[in-house]
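Structure first, commentary second.
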Amino acid sequence: MQVARHISDSERIINYWIEKLNHALESGYSGLRFSGNSSWVGKKDWVYFVDYMGKLDDIIGKYRMIALGSYLVDKYSTIYIVEVVSNHQFSLSKKEGKWEKINNFGRKKAEEAVIHATKGLGIYL
1015 MQVARHISDS ERIINYWIEK LNHALESGYS GLRFSGNSSW VGKKDWVYFV DYMGKLDDII
1075 GKYRMIALGS YLVDKYSTIY IVEVVSNHQF SLSKKEGKWE KINNFGRKKA EEAVIHATKG
1135 LGIYL
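Under our numbering, the residue at position 50 of the sequence shown is numbered 1064, and the numbers go up by one with no gaps.
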């Protein structure tokens, strides 16, 4: 499946990844990992892409999946990059030749609040 042809139908793409995961699990693998890049995404498709990335990030937290995405900082403005990486748990950025991890603190705070709220209730995340 070429994701680029169907980017406006994020549900279809998400279902595709879930099907791939189920096939991997049935084949004896413990999960699914995949990677992609955004170099093919044009400005007219950016809104669909951001929507897709948000939904993809939601399912990764619920399924045995891990994903790596790359974004060309020279192709997109800062606002485009921030818009899409804000969906992610963290991002890596190369600065002065060194890789740095950038945590999504809004998301981290929300996760900590859920953990705190569920303490003592017998709920484990």
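Every residue gets a Cβ at the ideal spot worked out from N, C-alpha and C, and that includes glycine. Note that the coordinates shown come from a computational prediction; the quantities given were computed from them, not determined experimentally.
Can you look up Met1015 in the DSSP assignment and give me helix, strand or coil? The residue given as residue 1015 occupies position 1 in the sequence shown. Here the model assigns Met1015 a pLDDT of 49, short of 50, so the residue's position is not dependable, and the following value carries that caveat. Three-state DSSP puts Met1015 in coil, outside helix and strand.
Taking Asp1065 as the reference, which of Lys1115, Val1098 and Glu1114 has the closest Cα? Position 51 of the sequence shown, counted from the start, is the residue given in the question as residue 1065. Comparing Cα positions, the closest option is Val1098.
Pick from Lys1034, Trp1060, Ile1095 and Asp1059: whose alpha carbon is nearest that of Ser1084? Taking the first residue of the sequence shown as 1, we reach residue 1084 at position 70. Ser1084 has its Cα closest to that of Ile1095, out of Lys1034, Trp1060, Ile1095 and Asp1059.
Going by DSSP in three states, Ser1084 sits in which element: helix, strand or coil? In the sequence shown, the residue the question calls residue 1084 occupies position 70. Three-state DSSP puts Ser1084 in a strand.
State the start and end residues of the unbroken alpha helix (DSSP H) segment that holds Arg1078. Within the sequence shown, numbered from 1, the residue matching residue 1078 stands at position 64. First-last for Arg1078: undefined, no H or E at that position.
Rounding to the nearest angstrom, what Cα-Cα distance links Leu1086 and Trp1113 in this structure? To locate residue 1086, count along the sequence shown from 1; it is residue 72. To locate residue 1113, count along the sequence shown from 1; it is residue 99. Using only the alpha carbons, I get a separation of about 15 Å.
Short check: CB of Ile1073 to CB of Met1067, under 8 Å? Numbered from its first residue, the sequence shown carries residue 1073 at position 59. Numbered from its first residue, the sequence shown carries residue 1067 at position 53. Against a cut-off of 8 Å, the Cβ pair of Met1067 and Ile1073 comes out as no contact.
Can you check whether the CB of Asn1118 is closer than 8 Å to the CB of Ser1100? Translated into positions along the sequence shown, residue 1100 becomes position 86. Translated into positions along the sequence shown, residue 1118 becomes position 104. The answer is yes: Cβ separation under 8 Å.
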